[in-house]
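Some notes on the structure that comes next.
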């Protein structure tokens, strides 16, 4: 145990301070920005930001130079939805900080306070290229009395660096509808819609009559003041709602509701979203797609299929990509998800964009991350080959310009068991 | 007479089932008693026997391919000939009159993919409570139940797995119980019932489970097992009962005492002790797998395969020595405590130690891409200097899987005389972009990408996107 703590402590001090400029030279740079792909490109990092990108960048004297040797350079991966840093072990091993039982807290449940930047999951995922992540509450589950709520609470955006890791609180509100929503609202999807409408209506009423409410001159609300405060961002259009929803008919209801309340929605799940691709494009509702989710896990997903990513993209829907099992412990597998989207019709550049810049856009972070553009945070990954290919793992990762040690608890285990000189407990 | 039927190793084996479990022999006996099973020589005369007939096989010549044989070889610009459902020949410049010619220039050919750990049919899609048929969570030892009695052939997962190149798979009970019941190996063809799909001659498996699941399920009810200690006591007690049952039957055969009443639970366990049913043991931790090997030693049976085996890399030498396979994921980890030490190099370290290594799915989604899971391991292994070429890695999802299931004599490699279970990939199967283009099962074209005339559609998916080919 002491040895383990020592190792963790070593991690904490082994990060190099952001000293002088760093130049990654001689890379095939996929900027995912207006500069497109640059052969023999240079990415210059100064003070944690990208200072220059191009084929004719002058590397300042004294800059640390990393020769990419013609390898691939991309922006860091942006995990569009998951629970990184909110869990170590999912089952029977302590709190799972994204899943709140019952309905004591709903909209105000903010996962940011539970985020652990020292979680074992962070190194495991960042050394494979994940540099930013949406960390979300999950829909939760009913308590012993069967009470639950379809509003799970507030998601945050973090970077997977060690310092200043919280990029944005209240980045989105998570709501579950459809079959999942039904299970939390008395057994019907209508109940789920009513629950959502009631919350939005109360938030609107509260906005207009907050003073009266505080003076006891307004009716009681079913939601607490903290929850109604948290919903203000949603009804003001500042906080998008991540809606977990699959069935086409539910998405049709969502399209109407979004219009009615002037809220911004982001769909996750979306098994049948491909059937409404044009409508979603017109309504500017992005979809977080799991490209391999082709089985009808329930009757909401009866028309689940492959190729959803390419169908939505072709219609002009903004897509972020991560399969459901590529969102937390294995968020790193979002490259595999993207590769499978390509296998079923999405063009490669769009696939890379769907795991970098597009999720940053969807969550309002594109001004500061998501592509290799001057002024953005230096989240950069050097790959030995095509990042979507299964056999390629990063050679180097930078988050906010910091070079990430390519060490995780898994690499330590691996290296220990590749030795045989001493009993395992006495090896490195 | 009775006893002869109980112990087929001392009588003639009943045709149609090269590995005759005692229970099948028992079933035969029951039918005899009822006077309705005079045709013991006929295939299909035994209850629950395979009635697999296969699709219509074509004489097919696949030419110009990169062939991974599953025996460790990689052949370039090679041809493969399928005749009468079997692999007839592999080599250069083959020819055959009247064969369907498949130009596989630039394509790759491998044995059919085999998944040793699937719950298709017993946890079918849609995953409603009504379809929850994989765990008989009513007692920690339910050796008497058989997965095949719950397999729903209309699970849409069978056809999507087919599009992933899967030609055979073992359907297992779940892991709630210490001993969960019998698994069944299927050919991935449509059937009206499970008998139509059963892999001819494949032995049964016995699902066992270590660790967290049984103790959580039963401990949560205030009954045994509530700890790993209780788990082990549960297995040992079961084997003691089985050995006693076996001994009573043997004694009765020798005229000592009466034949015990037929016991479904114990006859399955005796099948393991007699080496006719293969143990498939869900087990994560290295220390627990080691304990399970001790139990096998105590009761003189063999652990065929540890499933999941997330920590197998810690005891690769012990597993190699025991000739026990490990069926693992590429990278699943952390979903419970006993999965906390998962590493991507697990399969590679096992392979390099000479242990039988299998990549499995345990997932209706994962089964569609066992090639991709293997590729992730190859890449991870290469980072630490373990170079595992495609011709080796393909064995994890073909030959080694066949060994795990006891069907290596029939399938799992591309060798003359074996079943014509073959996949034509549109590129290197270890690329994320490659897809199975054609899948042959016993020499019959079972799947052709995009060809609605060839590809099966389950009853359940009629009228959906899947029926239109969207799910493949």
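Chains as they are written, first to last, in our numbering: chain A, 393 to 820; chain B, 63 to 534. The beta-carbon is built from N, C-alpha and C at its ideal position, and this holds for glycine as well. Keep in mind it's a predicted model, so treat the numbers as computed, not measured.
For residue i, which residues in chain A fall below 9 angstroms Cβ to Cβ?
{"i": "residue 190 of chain B", "result": "690, 691"}
{"i": "residue 136 of chain B", "result": "Neighbours of residue 136 of chain B on chain A: none; closest Cβ ~16 angstroms, over 9 angstroms."}
{"i": "residue 411 of chain B", "result": "806, 809, 810"}
{"i": "residue 526 of chain B", "result": "688, 694, 695, 696, 697"}
DSSP three-state label for residue i, please.
{"i": "residue 187 of chain B", "result": "coil"}
{"i": "residue 364 of chain B", "result": "coil"}
{"i": "residue 214 of chain B", "result": "coil"}
{"i": "residue 391 of chain B", "result": "coil"}
{"i": "residue 513 of chain B", "result": "coil"}
{"i": "residue 626 of chain A", "result": "helix"}
{"i": "residue 808 of chain A", "result": "helix"}
{"i": "residue 752 of chain A", "result": "helix"}
{"i": "residue 140 of chain B", "result": "strand"}
{"i": "residue 541 of chain A", "result": "coil"}
{"i": "residue 654 of chain A", "result": "coil"}
{"i": "residue 430 of chain A", "result": "strand"}
{"i": "residue 560 of chain A", "result": "strand"}
{"i": "residue 245 of chain B", "result": "strand"}
{"i": "residue 173 of chain B", "result": "strand"}
{"i": "residue 538 of chain B", "result": "Residue 538 of chain B cannot be examined here, being either before or after the span of chain B that is shown, 63 to 534."}
{"i": "residue 280 of chain B", "result": "helix"}
{"i": "residue 531 of chain B", "result": "coil"}
{"i": "residue 332 of chain B", "result": "helix"}
{"i": "residue 802 of chain A", "result": "helix"}
{"i": "residue 500 of chain B", "result": "strand"}
{"i": "residue 821 of chain A", "result": "The structure shown does not extend to residue 821 of chain A, since chain A is modelled only from 393 to 820, so the question has no answer here."}
{"i": "residue 459 of chain B", "result": "helix"}
{"i": "residue 102 of chain B", "result": "Below a pLDDT of 50, predicted positions are generally treated as unreliable, and residue 102 of chain B, at 43, falls in that range; no measurement from the model is reported."}
{"i": "residue 794 of chain A", "result": "strand"}
{"i": "residue 356 of chain B", "result": "helix"}
{"i": "residue 813 of chain A", "result": "coil"}
Which chain B residues sit within Cβ distance under 8 angstroms of residue i?
{"i": "residue 590 of chain A", "result": "Within chain B, no residue comes near residue 590 of chain A; the closest Cβ sits about 29 angstroms away, beyond 8 angstroms."}
{"i": "residue 735 of chain A", "result": "494, 495, 496, 497"}
{"i": "residue 783 of chain A", "result": "437, 438, 440, 441, 444, 492"}
Taking 7 angstroms as the line, does the beta carbon of residue i fall inside it for any heavy atom of the ligand MG?
{"i": "residue 379 of chain B", "result": "What this structure holds is no ligand at all, so the ligand MG is not there to describe."}
Interface residues of chain A around residue i at Cβ under 8 angstroms?
{"i": "residue 451 of chain B", "result": "Simply none; closest approach about 12 angstroms."}
{"i": "residue 376 of chain B", "result": "809, 816"}
{"i": "residue 187 of chain B", "result": "687, 688, 689"}
{"i": "residue 533 of chain B", "result": "686, 687, 696, 697, 698"}
Taking Cβ-Cβ distances shorter than 7 angstroms, what residues in chain A pair up with residue i?
{"i": "residue 222 of chain B", "result": "686, 687"}
{"i": "residue 510 of chain B", "result": "Those do not exist, as residue 510 of chain B stays about 16 angstroms from chain A at its closest Cβ, beyond 7 angstroms."}
{"i": "residue 520 of chain B", "result": "Chain A residues near residue 520 of chain B: none, gap ~11 angstroms exceeds 7 angstroms."}
{"i": "residue 407 of chain B", "result": "806"}
At 7 angstroms on the CB atoms, spell out the chain B contacts of residue i, in chain order.
{"i": "residue 661 of chain A", "result": "By Cβ distance, chain B contributes nothing, its closest Cβ being about 14 angstroms from residue 661 of chain A, past 7 angstroms."}
Can you name the residues of chain B whose CB is closer than 9 angstroms to the CB of residue i?
{"i": "residue 731 of chain A", "result": "434, 493, 494, 495"}
{"i": "residue 722 of chain A", "result": "393, 394, 395, 396"}
{"i": "residue 780 of chain A", "result": "494, 495"}
{"i": "residue 427 of chain A", "result": "Here the premise fails: no neighbours, minimum Cβ distance about 26 angstroms."}
The region 393-405 of chain B: positions lying closer than 7 angstroms to chain A by Cβ: 393, 395, 396, 397, 398, 399, 402, 403, 405
Members of the region 417-445 of chain B near chain A, C-beta cut-off 8 angstroms: 426, 427, 430, 431, 434, 437, 438, 440, 441, 442, 444, 445
- prompt: Taking contact to mean at least 3 C-beta pairs separated by less than 8 angstroms, is the region 730-740 of chain A in contact with the region 700-716 of chain A?
  reply: yes
- request: Would you mind listing the alpha helix (DSSP H) stretches within the region 434-474 of chain A that are 4+ residues and don't spill past its ends, in chain order?
  value: none
task: Count the CB pairs spanning the region 429-439 of chain B and the region 500-516 of chain A that are closer than 8 angstroms, and state whether there are at least three.
output: no
field: Members of the region 261-279 of chain B that neighbour chain A once the beta carbon cut-off is set at 7 angstroms
entry: 274, 278
- request: Write down every uninterrupted run of the alpha helix (DSSP H) in the region 656-736 of chain A whose length is 4 residues or greater and which is fully enclosed by it, in chain order.
  value: Secondary structure in the region 656-736 of chain A: the alpha helix (DSSP H) runs of 4 residues or longer, each lying completely within the stretch, are 669-674, 700-707, 726-735 in chain order.
message: Using a Cβ distance threshold of 8 angstroms, determine whether the region 303-316 of chain B contacts the region 324-338 of chain B, with at least three qualifying pairs required.
response: yes
field: Chain-ordered residues of the region 466-484 of chain A with a beta carbon less than 9 angstroms from chain B
entry: Within the region 466-484 of chain A, the residues whose Cβ lies closer than 9 angstroms to some Cβ of chain B are 479, 480, 481, 482, 483, 484, listed in chain order.
message: So if I threshold CB-CB distances at 7 angstroms, which residues from the region 198-225 of chain B count as touching chain A?
response: So the close ones are 218, 219, 222.
- prompt: Would you call the region 571-588 of chain A and the region 549-563 of chain A in contact, with 3 or more CB pairs under 8 angstroms?
  reply: no
query: Taking only runs of the alpha helix (DSSP H) that begin and end inside the region 548-608 of chain A, which ones reach a length of at least 4 residues, in chain order?
result: The qualifying runs are 570-575, 581-606.
message: Check whether the region 435-452 of chain A and the region 786-793 of chain A are in contact - that is, three or more C-beta pairs closer than 8 angstroms.
response: With a cut-off of 8 angstroms, the region 786-793 of chain A and the region 435-452 of chain A count as touching, because enough Cβ pairs lie within range.
- request: Tell me, please, whether the region 453-463 of chain A touches the region 413-433 of chain A by the rule of three or more beta-carbon pairs shorter than 8 angstroms.
  value: The region 453-463 of chain A vs the region 413-433 of chain A: in contact.
- prompt: Can you find at least 3 beta carbon pairs, one from the region 765-772 of chain A and one from the region 420-427 of chain B, that sit closer than 8 angstroms?
  reply: no
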